[in-house]
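Let me begin by presenting the structure, written as structure tokens, before commenting on it.
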Amino acid sequence: MQKVVILLIILLNILIANENEINLTPEEKNYLKNKNITMCVDPDWEPFEKINENGEHEGIAADIISLIATKLGIKIKLIPTKNWDESIKYSKEKKCDILSFLNETPQRKEWLIFTQAIFEDPNVIIGRIENDEIKDFSTLKGNTIAIPKNTAMLEFFSKDFPNLKIIPVETENEAFKLVEQKKVDFTIRSLIIAAYTIKKDTFFNLKIVSQPIKYKNILRIGVLKEETLLHTILNKAIKTISKKEQDKILSEHISIKIPSESQYLSYLIYIIIFIILVATIIILWNYQLRKRITEEIAKNSLQQELMFKQNKQAELGNLIGNISHQWRDSLTKIGYINLNLRARILQNKEISKEFLDKSTLEIEESLDFMSETMQNFLDYYKPSSNILQFEVYDSMKSALSIIDTKIKYSNLEIIFSGDFNVKIEGIRNEWMQVWINLIINTINISKIREIKNPQILINIREEEIEFKDNCGKIEELILKEIKEEKYRGIGIKMAKEIAIKNGKKMIVSNNDEGAIFKFIKNQF
């Protein structure tokens, strides 16, 4: 039995040795013996490759090329260049036999033949933090994208997207800076390089807006067409590179720890379960939102509340659209966290406890914000005839949360002052409608009058509540109609009706900067 085991071990070692052995023909051996192989590289493409201060080739590509050279028992001479353009030029002039690390394209095939792939990495589209996710670049019109010269992506995008304005640049770092400075809309980068650059140069106002599957980096060695024998030899060496050797090279440059298969599966299962839970919660919330809105509208049939109800229904589409936008921002954040986690798993990166805790906390905060927004909306829309005491400031904050996105996009600044503990007696959701109407009126006027920095000052006191804006005066004719109760604008008219109904009075006036709305009573 022992002899059988020993024999099996010997056979296994022989098989492994044969698998790693490069079987060269006499012609190929003679070629390597007499040929001085020269190579050009991209001198500034970290962490893939670069030429350091000492003129040495280093990076992921450098280690792969070095491994191939070691397996073949040869030395490959580096031809220094200033940039990638010069490397391409030298290759065309046959000053170097190979280009170390590049994608295969139709233009490059005019003078090069390509080996099997030695490395794969997805490309991602980088935009600014305010950009939405882009699913189809063919639908864009007139947007700009910066792409380094003489790259495969420049060739592919110029051909496939005539609707985009391509801005050729010298380096990938220049492309990143143009996006950050809002001089162009997008750039395209390798996922590894994007993560490396964002961390290294602290471009934290940028984010991934798309991951085009078709435009994946499948990096190979480019060999001069006439060097067919060298092409064959390199392919034989590439076939012997193991997954373990590739992982070791990658980990040395981007700090990767290769998890076990069971760890990988555990991470994947946790993420899938988490995504399913989040999706289920969102679907249930949407269903509950629609159901509750339908139920509350059906109950609101009292004739004396007709104007209040009509105004709410008129605003419902805008408010739901606003809430949807706020939810989409939260979902985009959750999606980005998920993409980041997924990218780390796909690249076999270590997922630390601190990173996982931070990611789940951000997701929890986003979900809390979505829940609070939905609850405020339901409280606002729910018809009620209950007259209760409530805090003015608290009701205003609830109203603001419903139109939060509209406020942010209008650049409106809202400043509170006074006593935040003041309470009034009335129907809370009716007063929320008053606050919303006044704020939306200011936003609309600021857009019409092109006010760059609109502002509302809200002063809460026992004697009065005052809204004061800087968007210019109310026209005298309109002001007269409001005072004589001839004005037909439903928002202001409804605010006056609610104030009167609750034993208060709304006074509208102007100052030098804009309009003033006051709600007064003997006591609040």
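Numbering (this note's numbering), first residue to last: -15 to 508. Every residue gets a Cβ at the ideal spot worked out from N, C-alpha and C, and that includes glycine. In this text the structure is predicted, and so the values were computed from the model without any measurement.
>> Out of Lys125, Ser226, Val108, which one is the CA nearest neighbour of Asn201?
In response: Val108
>> Taking 7 Å as the cut-off, is the beta-carbon of Leu124 closer than that to any non-hydrogen atom of the ligand FMN?
In response: Although the ligand FMN was asked about, the structure shown includes no ligands whatsoever.
> Using DSSP with H/G/I as helix, E/B as strand and the rest coil, what is Pro438?
Replying inline: coil
> Between Trp419 and Ile259, what straight-line distance do the alpha-carbon atoms span, to the nearest angstrom?
Replying inline: 37 Å
>> Please identify the residue among Phe503, Leu461, Tyr180 whose C-alpha is closest to the C-alpha of Leu422.
In response: Phe503
> Nearest-angstrom Cα distance between Ser122 and Ser142?
Replying inline: 12 Å
>> Using a Cβ-Cβ cutoff of less than 6 Å, which residues in the same chain neighbour Ala130 once the five nearest sequence positions on both sides are dropped?
In response: Ile151, Val153, Ala159, Leu162, Val168, Thr171
> Between Ile560 and the rest of its own chain, which residues show a CB-CB distance below 7 Å, the 5 nearest in sequence each way excluded?
Replying inline: Residue 560 lies beyond the residue range present for the chain, which begins at -15 and ends at 508; the question has no answer from this structure.
> With Leu396 and Ile427 assumed to form a contact (beta carbons below 8 Å), what rounded beta-carbon distance in angstroms separates them?
Replying inline: 6 Å
>> Considering only the alpha carbon of each residue, which of Asp26, Lys119, Lys13 lies closest to Thr216?
In response: Lys13
> For Val193 versus Gly126, is the C-beta distance shorter than 8 Å?
Replying inline: no
> Identify the residues that DSSP records as bridge partners of Trp415: which are they?
Replying inline: Paired residue(s): none; Trp415 is not in a bridge.
>> Beta-carbon within less than 6 Å of Met380's beta-carbon, same chain only, minus the 5 sequence neighbours each way: which residues are those?
In response: Trp419
>> Among the candidates Thr54, Asp26, Glu469, whose CA atom is the shortest distance from the CA of Glu42?
In response: Asp26
> Does the distance from the CB of Glu450 to the CB of Asn443 come in under 8 Å?
Replying inline: yes
>> Any contact between the stretch 5 to 21 and the stretch 62 to 75? By contact I mean 3 or more CB pairs, one from each, below 8 Å.
In response: no
> What is the DSSP secondary structure of Leu203, counted as helix, strand or coil?
Replying inline: strand
>> Let me confirm a value: Ala178 is counted as buried when at least 16 other C-beta atoms fall within 10 Å, else exposed. Which label applies?
In response: buried
>> Spatial neighbours of Ser430 within its chain, please: C-beta separation below 6 Å, excluding the five flanking residues on both sides.
In response: Pro438, Cys455
>> DSSP three-state label for Asp144, please.
In response: helix
>> At the level of alpha carbons, what is the spacing between Ser394 and Ile458?
In response: 20 Å
> What's the gap between the Cα of Leu384 and the Cα of Tyr271?
Replying inline: 24 Å
> Excluding sequence positions up to five away, which residues of its chain have a Cβ less than 7 Å from the Cβ of Ile466?
Replying inline: Ile476, Val492
>> In whole angstroms, give me the CA-to-CA distance for Ile102 and Lys227.
In response: 11 Å
> How many Å lie between Lys34 and Phe140 at the Cα?
Replying inline: 24 Å
>> Can you give me the C-alpha to C-alpha distance between Ile329 and Glu104, rounded to a whole angstrom?
In response: 15 Å
>> What does the Cβ neighbour count give for Glu414, buried or exposed, with the cut at 16 atoms within 10 Å?
In response: buried
> Taking C-beta to C-beta, are Leu208 and Asp81 nearer than 8 Å?
Replying inline: yes
> Once you ignore the five residues that flank Phe404 on each side, which residues in its own chain have a CB closer than 6 Å to its CB?
Replying inline: Tyr377
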